[in-house]
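S.K.:
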Amino acid sequence: MAVTRKPAAGALTPLAIAVLALLEERPMHPYEMYQLLMARREDYLVKIRPGSLYHTVDRLAEQQLTIAEGTGRAGNRPERTIYRITDSGRDALRTRVADILRRPNREYPIFPAALAEAHNLPREQVIDLLRERIALLDLDIAELDALSAWVLNRQVPRRYWMVIDYGRAQSLAQANWLRGLVTELESGELEWDEFDPETGERLPLTSERLGHDWGAAVTEDIFTAARRDASVR
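Counting in the numbering used here, the sequence shown runs from 223 upward without gaps.
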């Protein structure tokens with residue numbers, strides 16, 4: 223007898239969430255999913271590639287979160303398999319979305335990793351690089367403002383696009399924080415290692431101080447006390 227695997231909602235990737243959400247609206251074939259995701263600017267939220275989308279659709283079908291319900295043809299194009307969401311898929315979608323909304327998750331984006339190691343670059347280079355990043359963030363904010371104006375003008379219900387406001391707030395907060403960091407670097411308020419202009423090597427430190435190993439000095443009781451204080455506020 224075949225064993226039916228119960229899929230874990232926690233296994234749903236961002237693209238899988240997007241696919242199930244589309245199928246919650248209506249059945250469709252993978253190429254239509256791709257077109258609709260791109261038309262809705264979902265690539266602002268999820269990395270979308272045709273190959274990865276088709277792979278995701280196959281995985282969801284294997285997990286019995288979706289099921290093929292027939293084929294469709296548009297003009298002279300080849301027949302395409304149409305999928306619909308199953309009850310298990312609907313439950314998995316709602317469980318996963320609820321879990322993400324409820325609990326902050328360490329996502330390990332790459333920028334904080336680079337920021338933590340920025341001291342390996344000379345001050346002037348870091349200033350120039352951060353200015354470039356700020357300029358790109360400003361462009362991102364301008365694009366999001368244009369999207370907001372478009373949906374507001376067409377009276378689109380805000381529940382469908384409130385994520386634009388969230389993305390703008392994130393980009394604006396980052397840009398403003400980086401502007402402050404650049405100011406500190408330019409003024410010398412933020413201490414920085416010196417580098418030999420000819421060899422590029424870091425110059426010896428002039429004084430002993432807690433540096434690379436500062437994290438090892440932070441004990442777990444500090445976090446325990448912080449969580450306890452936060453819970454009573």
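Beta carbons are placed, not taken as given, at the ideal position from N, Cα and C, and that holds for glycine.
Compute the Euclidean distance between the alpha carbons of W372 and V268, then round it to the nearest angstrom.
M.R.: For the purposes of this step, residue 372 is taken as the residue at position 150 of the sequence shown. For the purposes of this step, residue 268 is taken as the residue at position 46 of the sequence shown. So the two alpha carbons sit approximately 21 Å from each other.
S.K.: When we look at the beta-carbon of T226 and count the other beta-carbons within 10 Å, is it buried (16 or more) or exposed?
M.R.: Taking the first residue of the sequence shown as 1, we reach residue 226 at position 4. Confidence is the limiting factor: at T226 the pLDDT is only 45, short of 50, which leaves the residue's position unreliable, though a coordinate-based value still follows. Counting Cβ neighbours within 10 Å, T226 comes out exposed, since fewer than 16 surround it.
S.K.: Classify G311 as buried or exposed, calling it buried when 16 or more other Cβ atoms lie within 10 Å of its own Cβ.
M.R.: On the sequence shown, position 89 is the one that residue 311 refers to. Its Cβ being crowded by 16 or more others within 10 Å, G311 is buried.
S.K.: Evaluate T441 with the Cβ neighbour count: other Cβ atoms within 10 Å of its Cβ, from every protein chain shown; 16 or more gives buried, anything less gives exposed.
M.R.: To locate residue 441, count along the sequence shown from 1; it is residue 219. Flag for T441 reads exposed.
S.K.: Just checking my contact of L425 with Q396 at CB under 8 Å: how many whole Å lie between their CB atoms?
M.R.: Taking the first residue of the sequence shown as position 1, residue 425 is located at position 203. Taking the first residue of the sequence shown as position 1, residue 396 is located at position 174. Between Q396 and L425 the Cβ distance is about 31 Å, and since that is not below 8 Å, they are no contact.
S.K.: Could you tell me if R384 is buried or exposed, where buried requires 16 or more neighbouring beta carbons within 10 angstroms of its beta carbon?
M.R.: As a first step, residue 384 is located in the sequence shown; it is residue number 162 there, counting from the start. Note that residue 384 is Met in the sequence shown, not Arg. Per the 10 Å Cβ criterion, exposed.
S.K.: Measuring alpha carbon to alpha carbon, tell me which residue in A290, Q286, Q285 and H251 is nearest P272.
M.R.: Along the sequence shown, read from residue 1 onward, the residue named residue 272 stands at position 50. When each option's Cα is compared against that of P272, the closest is H251.
S.K.: By the three-class DSSP mapping on this structure, what secondary structure does G422 have?
M.R.: Translated into positions along the sequence shown, residue 422 becomes position 200. Coil at G422, not helix or strand.
S.K.: DSSP three-state call for G410: helix, strand or coil?
M.R.: The count along the sequence shown starts at 1 and reaches residue 410 at position 188. Here G410 sits in coil by DSSP.
S.K.: So if DSSP puts T513 in a beta bridge, which residue, or which two residues, is it bridged to?
M.R.: There is no way to answer for residue 513, as the model of the chain reaches only from 223 to 455.
S.K.: Kindly indicate the opening and closing residues of the alpha helix (DSSP H) around T476.
M.R.: One cannot answer for residue 476 here, as it falls past the ends of the chain, which runs 223 to 455.
S.K.: With DSSP run on the structure shown, which of helix, strand or coil describes T317?
M.R.: Walking along the sequence shown from the start, residue 317 turns up at place 95. Correct three-state label for T317: helix.
S.K.: Distance check for L369 and R376, CA to CA, integer angstroms please.
M.R.: Along the sequence shown, read from residue 1 onward, the residue named residue 376 stands at position 154. Along the sequence shown, read from residue 1 onward, the residue named residue 369 stands at position 147. Going by the C-alpha atoms only, they are around 11 Å apart.
S.K.: Just the Cα atoms here: how many angstroms apart are Y330 and L352?
M.R.: Translated into positions along the sequence shown, residue 330 becomes position 108. Translated into positions along the sequence shown, residue 352 becomes position 130. C-alpha separation (whole angstroms): 20 Å.
S.K.: Whose CA, out of L400, A448, G422 and L259, lies closest to the CA of L343?
M.R.: Within the sequence shown, the letter at position 121 stands for residue 343. Ranking L400, A448, G422 and L259 by Cα distance to L343 puts G422 first.
S.K.: DSSP state of T446, grouped into three classes?
M.R.: Taking the sequence shown and counting its residues from 1, one reaches residue 446 at position 224. Looking at T446 - three-state DSSP - the assignment turns out to be helix.
S.K.: Kindly indicate which residue of R345, S409 and R316 has the alpha-carbon position closest to the one of L242.
M.R.: In the sequence shown, residue 242 corresponds to position 20, counting from 1. Cα-wise, what sits closest to L242 is R316.
S.K.: So, helix, strand or coil for I349, using DSSP?
M.R.: For the purposes of this step, residue 349 is taken as the residue at position 127 of the sequence shown. Residue state, collapsed to three classes: helix.
S.K.: Using the DSSP secondary-structure output, state which residues sit across from T288 in a beta bridge.
M.R.: One-based indexing of the sequence shown puts residue 288 at position 66. For T288, DSSP records a beta bridge to I307.
S.K.: G458: which of V319, I322, E284 and I304 sits nearest, CA to CA?
M.R.: Residue 458 lies beyond the stretch modelled for the chain, which goes from 223 to 455, so this question has no answer here.
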